[in-house]
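Chains as they are written, first to last, in the numbering used here: chain L, 2 to 256; chain S, 2 to 256. One structure is given here, and the rest of the page talks about it.
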DNA sequence: CGCAAGGTTGACTGCAGTCAATAACCGTGG
DNA sequence: CCACGGTTATTGACTGCAGTCAACCTTGCG
């Protein structure tokens, strides 16, 4: 839900909870937890990037997301992890027992609310991704991906954004529902259109954000919410679009 | 999280909460709430089917899901509804204030847990859908869709399943990231393969479930969980697949 | 430097989208 | 009850985007 201000006993925030724990670290290619393992722990990423993926029955890999510094993993699972979390870069993280976290949450509405927000954000991200995968062309997907990653680091105020994109082209492809070759070709198109440029394989610069956003099929963008967490979710704007729908659910564009 | 047994004061379940409220109803094409409206209410569907969708900047419609009897909508939003919920059939439902629900939840770990489960299930469903949209062919998508809808009604024990599929082909298409024509062609293929048959446009029979599941690219299927709510989520099985991944995240099928 | 992993580009193919014509269905009214 | 009209569904012909296969290039590490 939204906005719970209540506190019970001493307030304890999710981030604090984790920083009170020891820090572990792992290296590129190592997993923090595996798809199918009993989900006993939750994890907060202090530094680095992970890929989150499943292996499908046919052996394909589906990357369902990436995790970055500040993200908390492992909250919303049922009894088993539904994906593997594997380091892309060096990663520092802390672990906290799910059991204990659940118990603490049942005593602290504030914490409860924070956990709820984490899951609600994940859900928003997943639905955004559903739309990307269901509706967008390859170039729109790649543009969206670059934009989202750029905006995670800075706000949307600057004209130009420069950042690191540590995952491989294959990671991007498996995340965007494309092949590695199509990702490359789309990147090339974006380079040719002078919307982005690369220094090496993993250092990106986004020029002309507004154009890139339009190209990506995103709404507006410059709405620029508070510099709170990652919240590129809005999208649900007033929506004065010229359509109407008749009694049976068919959509008609009026013009 | 999972399995909270604790109770605080008098236990009150989510379903009960709603059944204590008046029942509203709406007709095909009418919306219960609209994308972008302030999210003040939560809703439990007692009967009927709704389509949940967004309108994208370019005017396209993306169906993010369907809601059925027993489902609860409107829990995980931020301050605004992120999609429109529109009746496909006649729908009976109850409304409950989000504000009040939040307050009750902060006092009842049991209710809190129920809400958490609802959102966690939504997240599971969304990630399942991400995989469908990112990895599956048109025929696999349609087969998955039929199977999922069939299994919602019955378990997976029967050899044959017969059920109503009230949404239009366009709804399915917008949900599966396909066109209406491709949905039709896929249905035709499935009919020709004798895996399904139709009586009229909305009455489906699934024959040979196991084959259909294999065709849909689903794992096993006959695992047959408890006849609890809808829980087709498992998928995270032991996974003894013959692969290994080297230090940089590239997957190698060993054979 | 040399090699291997990762990335890019090109040629070709095929699946799903588009446009268009036809058929089935359903509610309404004669 | 049947006939009619509008909506929804199906099929066909053709196109085009993204996938496949293959060659080549870059980069970074031992």
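All C-beta atoms, glycine included, are put in the ideal place defined by N, C-alpha and C.
| query | result |
| --- | --- |
| Counting only runs of 3+ residues fully inside the segment 29-97 of chain L, write out the beta strand (DSSP E) ranges in chain order. | 32-34, 42-48, 51-56, 62-68 and 85-88 |
| Quick check for students: name the residue ranges of the alpha helix (DSSP H) that lie wholly in the segment 125-150 of chain L, counting only runs of 4 or more. | none |
| I need the boundaries of the beta strand (DSSP E) containing residue 165 (chain L), first residue and last residue. | 162-165 |
| Let me make sure I understand the geometry here. Which of L:87, L:38 and L:77 has the alpha-carbon closest to that of residue 62 (chain L)? | L:87 |
| So residue 191 (chain S) is in the alpha helix (DSSP H); what residue range does that whole segment cover? | 181-193 |
| For residue 165 (chain S), which option in S:185, S:47, S:204 and S:30 has the closest C-alpha, if you only look at C-alpha atoms? | S:204 |
| Identify, in the order they occur along the chain, each residue of the same chain with its Cβ nearer than 7 Å to the Cβ of residue 123 (chain L), setting aside the five sequence neighbours on each side. | 77 |
| How many angstroms separate the CA atom of residue 131 (chain S) from the CA atom of residue 133 (chain L)? | 9 Å |
| Name the chain L residues whose beta carbon is nearer than 7 Å to that of residue 127 (chain S)? | 124, 127, 128 and 131 |
| Measuring CB to CB, does residue 51 (chain L) end up less than 8 Å from residue 33 (chain L)? | yes |
| With a threshold of 16 other CB atoms inside 10 Å of the CB of residue 44 (chain L), please say whether the residue is buried or exposed. | buried |
| Excluding the 5 residues flanking residue 38 (chain S) on each side, which residues of the same chain have their C-beta closer than 7 Å to its C-beta? | 81 and 82 |
| Below 7 Å on C-beta distance, what does residue 208 (chain S) contact in chain L? | Under the 7 Å cutoff, chain L gives no residues; its nearest Cβ is about 22 Å from residue 208 (chain S). |
| How close, in whole Å, do the beta carbons of residue 73 (chain S) and residue 168 (chain S) come, if the pair is a contact with beta carbons under 8 Å? | Actually they are not in contact, since the Cβ atoms of residue 73 (chain S) and residue 168 (chain S) sit about 20 Å apart, beyond 8 Å. |
| Below 6 Å CB to CB, which residues in the same chain sit around residue 178 (chain S) once its five sequence neighbours on both sides are set aside? | 134 |
| Kindly indicate which three-state DSSP category residue 22 (chain S) falls into: helix, strand or coil? | coil |
| Going by C-alpha distance, which of L:172, L:26 and L:107 is nearest residue 114 (chain S)? | L:107 |
| Between the beta-carbon of residue 93 (chain S) and the beta-carbon of residue 30 (chain S), is there less than 8 Å? | no |
| Assuming the contact rule is C-beta atoms closer than 8 Å, residue 119 (chain S) and residue 121 (chain L) should be a hit. Round their C-beta distance to whole Å, please. | With 8 Å as the limit, residue 119 (chain S) and residue 121 (chain L) do not qualify as a contact, their Cβ atoms being about 11 Å apart. |
| Between which two residues does the beta strand (DSSP E) carrying residue 102 (chain S) extend? | Premise fails: residue 102 (chain S) lies in the alpha helix (DSSP H), 99-108, not in any beta strand (DSSP E). |
| What are the boundary residues of the beta strand (DSSP E) that includes residue 213 (chain L)? | No beta strand (DSSP E) contains residue 213 (chain L), which is instead part of the alpha helix (DSSP H) from 210-216. |
| Taking only beta carbons into account, state which residues of the segment 52-70 of chain S come closer than 8 Å to chain L, listed in chain order. | 52, 55, 56, 57, 58, 59, 60, 61, 62, 63 and 65 |
| Is residue 95 (chain L) close to the ligand SAM? I mean its beta-carbon at under 7 Å from any heavy atom of the ligand. | In the structure on display, the ligand SAM does not appear, and there are no ligands present to speak of. |
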